[in-house]
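In this note's numbering, the protein residues as written are 373 to 756. Backbone N, C-alpha and C define an ideal beta-carbon position, used for all residues, glycine too.
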């Protein structure tokens with residue numbers, strides 16, 4: 373009888389490893405991201421077909437909020453948006469709370485949601501979640517409109533807000549909101565793109581940004597031009613503030629305009645800049661050092677002055693290992709370095725700088741065969 377606790381402990385260990393293969397695989401990963409934790413798995417949410425497109429915000433030291441999409445079976449990229457909270461520096465995570473639920477009715481309408489973007493305005497005790505909203509019967513989220521909710525208790529509960537939209541067209545969002553100052557007044561800039569050509573041969577595929585002075589009312593900033601004839605589908609852009617005067621740079625995911633599932637030749641990200649807060653943008657151009665094969669990559673500028681690019685290597689749609697490159701201030705892009713590689717699917721990284729050169733990161737993950745069956749969290753130190 374005295375041996376039963378030992379035997380039981382061994383059995384529980386075996387069961388834990390069997391039921392949580394992702395947790396076990398983290399020990400065998402390579403890359404410079406550390407303290408990797410599995411935030412949530414699809415097995416914990418049996419009604420969800422996938423977990424994807426995570427985003428992260430910080431409420432206070434060691435208190436993080438992660439929002440992600442819980443996908444609907446039979447739909448490509450839409451579902452509900454949930455949030456989880458960690459108050460111990462990412463070591464463990466709470467049970468999810470709903471930000472936007474596809475099961476709720478709004479009169480006779482019912483919506484699905486995608487691509488949460490969290491943002492905490494400096495100095496304010498509120499966290500915003502912006503997302504895409506579209507009728508539930510749509511097959512995908514390409515023809516969505518902007519939705520928002522806020523939390524005043526660190527991500528534990530959420531209150532929906534109806535936005536005042538001066539831009540009325542469909543849009544897809546994914547990138548971080550950036551804050552700049554104009555005449556001493558804060559301006560918030562949100563990258564977006566439209567892909568109405570997905571279901572309409574006379575539709576468009578354009579990249580744009582929205583601007584706001586309040587986070588409640590949004591207007592069109594400007595569109596991103598490209599060399600004519602337009603041959604590049606620019607989408608899922610990531611914004612960074614690159615100068616004290618509010619200069620902006622945006623690095624975008626790319627594919628062929630007429631075949632949006634195919635990578636460019638060569639497969640490269642493209643970029644554009646704005647010197648007037650996003651109203652006007654330079655003609656987009658190729659970034660020769662930045663790989664992109666039709667997959668979201670994260671781009672940002674650290675408080676150290678260095679730029680960072682985190683991306684998937686490999687051919688289009690493989691989305692396995694995550695790599696990164698660093699561009700020091702007034703320098704060139706470094707050689708590629710491993711960010712996270714465990715022989716499994718990984719995609720849609722988002723990073724948050726918590727102090728100069730120190731980041732937290734989230735991304736959707738899976739196993740060797742399946743994508744988007746888990747959300748992962750890790751920490752990363754930017755080195756020259």
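Kindly list the residues whose CB is nearer than 8 angstroms to the CB of residue i, restricted to its own chain and excluding five residues on each side of it in sequence; keep chain order.
| i | result |
| --- | --- |
| residue 746 | 394, 410, 411, 412, 413, 414, 423, 736, 737 and 738 |
| residue 691 | 667, 684, 717, 718, 719 and 743 |
| residue 594 | 580, 581, 646, 650, 651, 652 and 653 |
| residue 628 | 603, 604, 605, 634, 635 and 636 |
| residue 571 | 514 and 515 |
| residue 585 | 557, 558, 559 and 560 |
Can you tell me where the beta strand (DSSP E) holding residue i begins and where it ends?
| i | result |
| --- | --- |
| residue 644 | 640 to 646 |
| residue 550 | 550 to 554 |
| residue 568 | Residue 568 -> no beta strand (DSSP E), and no H or E assigned at all. |
| residue 521 | 517 to 523 |
| residue 699 | 694 to 699 |
| residue 543 | Looking at the DSSP string, residue 543 is not in any beta strand (DSSP E), and its letter there is neither H nor E. |
| residue 628 | 620 to 628 |
| residue 737 | 730 to 737 |
| residue 649 | Taken as a continuous stretch (DSSP letters only), residue 649 belongs to no beta strand (DSSP E), as it is neither H nor E. |
| residue 370 | Outside the shown range of the chain (373 to 756) lies residue 370, about which nothing can therefore be said. |
| residue 661 | 657 to 663 |
| residue 653 | Unbroken run through residue 653: none, as it is neither H nor E. |
| residue 672 | 670 to 673 |
For residue i, name the three-state secondary structure that DSSP assigns.
| i | result |
| --- | --- |
| residue 743 | coil |
| residue 751 | strand |
| residue 414 | helix |
| residue 477 | strand |
| residue 574 | coil |
| residue 679 | strand |
| residue 590 | strand |
| residue 463 | coil |
| residue 469 | strand |
| residue 597 | coil |
| residue 612 | strand |
| residue 509 | coil |
| residue 533 | strand |
| residue 636 | coil |
| residue 721 | strand |
| residue 726 | strand |
| residue 528 | coil |
| residue 702 | coil |
| residue 617 | coil |
| residue 584 | strand |
| residue 691 | coil |
Residue i CB to nearest chain C CB: under 7 angstroms?
| i | result |
| --- | --- |
| residue 581 | As a matter of chain content, chain C is missing from the structure shown, which is built from one protein chain. |
For residue i, which residues of its own chain have a beta-carbon under 6 angstroms away from its beta-carbon, when the five flanking residues on both sides are left out?
| i | result |
| --- | --- |
| residue 677 | 701 |
| residue 458 | 436 and 465 |
| residue 609 | 547, 563, 579, 622 and 624 |
| residue 614 | 621 and 673 |
| residue 491 | 500 and 549 |
| residue 524 | 498 |
With which residues is residue i paired in a DSSP beta bridge?
| i | result |
| --- | --- |
| residue 713 | 402 |
| residue 424 | 441 |
| residue 451 | 443 and 485 |
| residue 559 | 552 |
| residue 491 | 500 |
| residue 631 | Note: residue 631 sits in no beta bridge, so no partner. |
| residue 429 | 437 |
Check the C-beta distance from residue i over to residue j and give it rounded, since I have them as a contact under 8 angstroms.
| i | j | result |
| --- | --- | --- |
| residue 515 | residue 568 | 6 angstroms |
| residue 426 | residue 726 | Their Cβ separation, rounded to whole angstroms, is 16 angstroms, which puts residue 426 and residue 726 out of contact at 8 angstroms. |
Using C-beta distances below 7 angstroms, list every residue in its chain close to residue i, excluding the 5 sequence neighbours before and after it, in chain order.
| i | result |
| --- | --- |
| residue 611 | 547, 548, 550, 561, 563, 620 and 622 |
| residue 642 | 604, 606, 624, 626, 656, 657, 658 and 659 |
| residue 456 | 411, 412, 438, 465, 466 and 468 |
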